[in-house]
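Data first, discussion second: the structure below is written as structure tokens.
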Amino acid sequence: MRNYWIRTWPYHALLLPAVLLCLVFSYVPMAGLVIAFQRYEPWMGIGGSEWVGLEHFRYLFSYPDSRQVIVNTLVIAVSKLILQLVVPIVFALMLNELRKMALKRVIQTLVYLPHFISWVVLGGILIDILGTGGIVNRFLGLWGIEPIFFLGHGDWFRVTLVASDVWKEFGFSAIIFLAALSNINPALYEAAEIDGATKWKQMLYVTLPSILPIIVVVGTLSLGRILDAGFDQILNLYNPLVYSKGDIIDTFVYRVGLTKGEFSFGTAVGLFKSTVGLFLIVLSYRLAYRIANYRIF
Amino acid sequence: MMRRRRWTILPSAVLTGSLLLTACTNGGGDGDPEGADASAPAATNGETASQSPAANGEGKPKWDFKYDPPITITTAVVDENRPNAFKPGETLTNNSHSRWMEENLGIITKFDWIVGKFEDADTKIRLALSTNGKLPDTFTAQGDILKDLLKADRLLPLNDAIEKYAHPKLKEAIEKYSYTMPEATKDGKIYGIPRFGMGDEGTVMWIRKDWLEKLSLQPPTTIAELENVLKAFSERDPNGNDKDDEVGLAVPLKEGPWTWMGQTDAIAGAFSKQLLNTYDIKLFWNEDENGNLVYGAVHPDAKKYLETMTSWMAKGYMDKEAGIKDPSKASELAVSGMAGVMFGPYWMGSWPLGDTAKVDPNAQWQAYPLPAGPDGLKGKAQKPIYGSFSVFSKDFKNIEAWFAYYNKLLAKNLGPEDPYFDPRFEKGFHEGYDYVIKDGKVITGNYEAAGVPKEQWPLPDGASIDMRWMVYPLTGTGNPLLPYMNAEAIKKFTADPNAEATSPIEQSVKGLNAAQLAAASVAVSEQGLEIPNRYTGPLTDGMAKHGEFLQKLATESYLHIIYGEKPLSSFDEFVAQFYKNGGDVITKEVNEWYKANKK
Chain C
3 MRNYWIRTWP YHALLLPAVL LCLVFSYVPM AGLVIAFQRY EPWMGIGGSE WVGLEHFRYL
63 FSYPDSRQVI VNTLVIAVSK LILQLVVPIV FALMLNELRK MALKRVIQTL VYLPHFISWV
123 VLGGILIDIL GTGGIVNRFL GLWGIEPIFF LGHGDWFRVT LVASDVWKEF GFSAIIFLAA
183 LSNINPALYE AAEIDGATKW KQMLYVTLPS ILPIIVVVGT LSLGRILDAG FDQILNLYNP
243 LVYSKGDIID TFVYRVGLTK GEFSFGTAVG LFKSTVGLFL IVLSYRLAYR IANYRIF
Chain R
34 MMRRRRWTIL PSAVLTGSLL LTACTNGGGD GDPEGADASA PAATNGETAS QSPAANGEGK
94 PKWDFKYDPP ITITTAVVDE NRPNAFKPGE TLTNNSHSRW MEENLGIITK FDWIVGKFED
154 ADTKIRLALS TNGKLPDTFT AQGDILKDLL KADRLLPLND AIEKYAHPKL KEAIEKYSYT
214 MPEATKDGKI YGIPRFGMGD EGTVMWIRKD WLEKLSLQPP TTIAELENVL KAFSERDPNG
274 NDKDDEVGLA VPLKEGPWTW MGQTDAIAGA FSKQLLNTYD IKLFWNEDEN GNLVYGAVHP
334 DAKKYLETMT SWMAKGYMDK EAGIKDPSKA SELAVSGMAG VMFGPYWMGS WPLGDTAKVD
394 PNAQWQAYPL PAGPDGLKGK AQKPIYGSFS VFSKDFKNIE AWFAYYNKLL AKNLGPEDPY
454 FDPRFEKGFH EGYDYVIKDG KVITGNYEAA GVPKEQWPLP DGASIDMRWM VYPLTGTGNP
514 LLPYMNAEAI KKFTADPNAE ATSPIEQSVK GLNAAQLAAA SVAVSEQGLE IPNRYTGPLT
574 DGMAKHGEFL QKLATESYLH IIYGEKPLSS FDEFVAQFYK NGGDVITKEV NEWYKANKK
């Protein structure tokens, strides 16, 4: 045992800063969650503020709109979650088949560029190109399709949200899959080829199984964000015409809580979202282990 | 809500006029990043009485005072975006004005904090509250922060100080516009000096004059005539590109009928005295026939407004995408030559509408008086004449020094006849900073055009210095203004655009472009049509609890009706919903407040 410590202490020392940072910035602040159960007033402090139990949670769920915003959040978030998993994988697989390295690089760079544009900027651009006189509708007009009010019509608004989010992020999400793809042992492909497997069969039986662990990890982690439907995107794009289909928990909390300095309410909603997220992550972790025998972490 | 309130800062910003505009376009010439000097507790407490201005000797004029030894006042500023604030080498903490103040007035300004955003300032104050930390001697507060400060009992009551030291004009304004005060009043004591705006942002009707002439139309004076103009604009191709791409009215409806630009209060005002806003539960509360307050957006008169807007939307006279656009976005339609009418404040003649000339060199926007309704009614909303308050820490010992300095700055706006007017500021604050002298003439901007040699320019690129940062840190980086104080100046320069400007207010009015000045003149002449919001109390408990839902409900219902997705008759359902979901509670609270505070 003594020997073990002498041998390994430098590694522990290397780990120490990360552990400390995590403790200070992730664990200690959790104590602040108690304000979710108080009517927190800054000058009274946590010690002096009045305890109100579950009042903020009750407010969230008894609000006339809460069903609507929770349903909206789930619909939008789940659609994004699925597409945000499928599209990058398909894209990565397609890109992986490209043999010209230069072309591959160029495409990869181009598709992940939108990731770096903020939604504030993109919001303004989308309003223009999706407008009834915008470029998209003019294109549709060529096929005789009536102009569609993408941002002002509830169902189209959801489609627009999901599509634009996928467009913005799929290139960036694909990076991790591309990395996984490049780690596959080429000998596997050679063996498959000798056995007479076609490109398609190679993909099904070599490529996909090899990156499946990564897919599961990414999928599981994104489940933790099931109640995040994309706050900054929606805040910049939504409008009264689509409240009924586009208002989500975060935009609701923003209007009620943050602009008015209601710390406790904001904290309560955050706690609620994290709890649901944690529950789903643990659940999917267990399921992956039981059913597919994967150790994710 | 905070965001929007802060737009009330705009009038003063715009009135710093050419300053700000050149600042925006030229960009360069910024000062050094100053070391935030946070380590300055007020060192000279306690020895105040002997050195107050009043004790300076009876024979001295009111403007003449000096503290010896010098005193220190601490403050805090939001250093949001300030191109052209300082000469190279000068900083917020050390510049010619700060040195001048120390030498001549014996007042040293220290900064407890300098932050980049309004939100950060709020955080700093909340932090000081939660740790019971030190507050600056004077700083700016409003809304929830002000409410918190009052609850925590950390502010200095000002009744005596106002009585003893305040400029008579300020006292007069506080009395005359006493409805601004409840937010900063607790138990009968006043805790804040309102940062008045000039209330000059009332709506005017902007129309493309060149389009009117091209289609041989008369300027509309009624809603019916306006409708004809809108029809002609949207159908007769006024921009002459052979495409049916124009609409009549550019209007943002993302926040409902009322916002800071492009608002439709004048259309509502043509049909009823009931002004309406759906996006803020504190606006607009109007008196009904029985003298009770009623929320304008649920008053039956609102139907007339909705009927008009719905028919304009259906006929294509209005931007089809109004519902997803905020004011800046809506103005792009007008600027790009696709819309010929837009409502809004007088300053739109420069930004945004002035930019139309880039698309169409013949474009000419002109402000017209508001259109009258079928019964001859005209009306518009009174823009709030105050936003935030200057407040003072309970530990501040030199309140009279703050007032003495405030009075001096206010007097500079009022002109040389004022007893507090400091003759050292007659030409401006400091030569080579806010003005230069060329051939015996005072030049306050556009130095290159005025032929000032390059080495005399205040800033190397020829821009004007934005004096708010040097001169006004103690008054919240804003020139102390009083409501409507520029009305006379607007009249003067409308009569004679080349008249001599004798005060900063007159200079800023003179700095307006021709379209803005004409619009300001229209706005001033229609000031009598302005209808104030009758509820000026604090956010009630009911508002805090239900306000957000009602705001969403109202805005959503209005837009669904205007877009024809729901019939006009659904208005009654909306009203029932409104009262059922907390509107009744709020109405009751508001009326109780009104009975108690009505004069």
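Those protein sequence lines, which keep their order, are chains C and R.
In my numbering, each number is its position in the first sequence, counted from 1, plus 2.
In my numbering, each number is its position in the second sequence, counted from 1, plus 33.
Heads up, the beta-carbon is just placed ideally off N, CA and C, and yes, glycines get one too.
Please read these numbers as outputs of a predicted model, since none were measured by experiment.
Pairwise C-alpha distance: residue j and residue i
i: residue 463/R; j: residue 490/R; result: 13 angstroms
i: residue 352/R; j: residue 246/C; result: 22 angstroms
i: residue 272/C; j: residue 234/C; result: 16 angstroms
i: residue 43/C; j: residue 333/R; result: 40 angstroms
i: residue 343/R; j: residue 591/R; result: 10 angstroms
i: residue 191/C; j: residue 210/C; result: 12 angstroms
i: residue 47/C; j: residue 164/R; result: 8 angstroms
i: residue 86/R; j: residue 98/R; result: At residue 86/R, the pLDDT of 46 sits below 50, so the modelled position is not reliable and the matter cannot be decided from this model.
i: residue 41/R; j: residue 177/R; result: Its pLDDT being 38, under 50, residue 41/R is placed unreliably in this model, and the value from its coordinates should be taken loosely. Taking the straight line joining both Cα atoms gives about 17 angstroms.
i: residue 524/R; j: residue 533/R; result: 13 angstroms
i: residue 162/C; j: residue 153/C; result: 7 angstroms
i: residue 392/R; j: residue 132/C; result: 22 angstroms
i: residue 8/C; j: residue 94/C; result: 45 angstroms
i: residue 256/C; j: residue 338/R; result: 30 angstroms
i: residue 87/C; j: residue 176/C; result: 9 angstroms
i: residue 68/R; j: residue 180/R; result: In this prediction, residue 68/R has a pLDDT of 35, which is less than 50 and means its spatial position is unreliable; what the coordinates show is noted afterwards. Straight-line Cα distance between these residues: approximately 31 angstroms.
i: residue 34/C; j: residue 185/R; result: 21 angstroms
i: residue 626/R; j: residue 570/R; result: 7 angstroms
One or two residues paired with residue i in a DSSP bridge
i: residue 426/R; result: 188/R
i: residue 227/R; result: 422/R
i: residue 319/R; result: 327/R
i: residue 148/R; result: 111/R
i: residue 563/R; result: 413/R
i: residue 469/R; result: 476/R
i: residue 398/R; result: 241/R
i: residue 172/R; result: 424/R
i: residue 142/R; result: 106/R
i: residue 219/R; result: 222/R
i: residue 548/R; result: Beta-bridge pairing links residue 548/R to no other residue.
i: residue 375/R; result: 239/R
Reference residue i, options the options, closest by Cα
i: residue 542/R; options: 565/R, 518/R, 329/R; result: 518/R
i: residue 81/C; options: 235/C, 267/C, 167/C; result: 167/C
i: residue 437/R; options: 148/R, 310/R, 200/R; result: 200/R
i: residue 112/C; options: 99/C, 83/C, 95/C, 172/C; result: 172/C
i: residue 277/C; options: 229/C, 266/C, 256/C; result: 229/C
i: residue 134/C; options: 355/R, 368/R, 557/R; result: 355/R
i: residue 499/R; options: 468/R, 521/R, 290/R; result: 468/R
i: residue 169/C; options: 181/C, 156/C, 205/C, 121/C; result: 121/C
i: residue 376/R; options: 466/R, 421/R, 314/R, 301/R; result: 301/R
i: residue 214/C; options: 35/C, 92/C, 74/C; result: 92/C
i: residue 104/R; options: 141/R, 563/R, 289/R; result: 141/R
Closer than 9 angstroms at the beta carbon, the chain C residues around residue i
i: residue 278/R; result: 135
i: residue 185/R; result: 43, 44, 45, 46
i: residue 614/R; result: 66
Closer than 9 angstroms at the beta carbon, the chain R residues around residue i
i: residue 129/C; result: 354, 357, 358, 362
Interface partners of residue i on chain C, CB under 8 angstroms
i: residue 162/R; result: 44, 45
i: residue 596/R; result: 154, 243
Beta-carbon neighbours of residue i, restricted to chain R and to distances below 7 angstroms
i: residue 31/C; result: Ordered by position in chain R, no residue passes the 7 angstroms Cβ test against residue 31/C, which lies about 15 angstroms from the chain.
i: residue 17/C; result: None at all; the shortest Cβ gap to chain R is about 33 angstroms.
i: residue 241/C; result: 287, 356, 357
i: residue 87/C; result: The contacting residues do not exist; residue 87/C stays about 30 angstroms from chain R at best.
Chain-ordered neighbours of residue i on chain C, where CB pairs are closer than 7 angstroms
i: residue 581/R; result: 257, 258
i: residue 283/R; result: Neighbours of residue 283/R on chain C: none; closest Cβ ~13 angstroms, over 7 angstroms.
Partners in chain R for residue i, counting only beta-carbon separations shorter than 8 angstroms
i: residue 126/C; result: 362
Any non-hydrogen atom of the ligand NAP within 6 angstroms of residue i CB
i: residue 164/R; result: Among the components of this structure there are no ligands whatsoever, and the ligand NAP is therefore not found.
### Continuous alpha helix (DSSP H) assignments of at least 4 residues falling wholly in the region 117-165 of chain C
You should have 121-131, 137-144.
### Message
To test your reading of the DSSP string, which unbroken beta strand (DSSP E) runs of 3 or more residues are found completely within the region 209-247 of chain C?
### Response
Given a length threshold of 3 residues, the region 209-247 of chain C has no whole run of the beta strand (DSSP E) inside it.
### Task
Could I get the ranges of all uninterrupted alpha helix (DSSP H) runs contained in the region 249-292 of chain C, with 4 residues as the minimum, in chain order?
Segments of the alpha helix (DSSP H) lying fully in the region 249-292 of chain C: 251-258.
### Message
I'd like the ranges of any beta strand (DSSP E) spanning at least 3 consecutive residues and lying wholly in the region 262-321 of chain R.
### Response
As far as the region 262-321 of chain R is concerned, its whole beta strand (DSSP E) runs of at least 3 residues are 280-282, 318-320.
### Message
Please give the ranges of any alpha helix (DSSP H) in the region 490-525 of chain R, keeping only runs that are unbroken, at least 4 residues long and fully inside the region.
### Response
The qualifying runs are 501-504.
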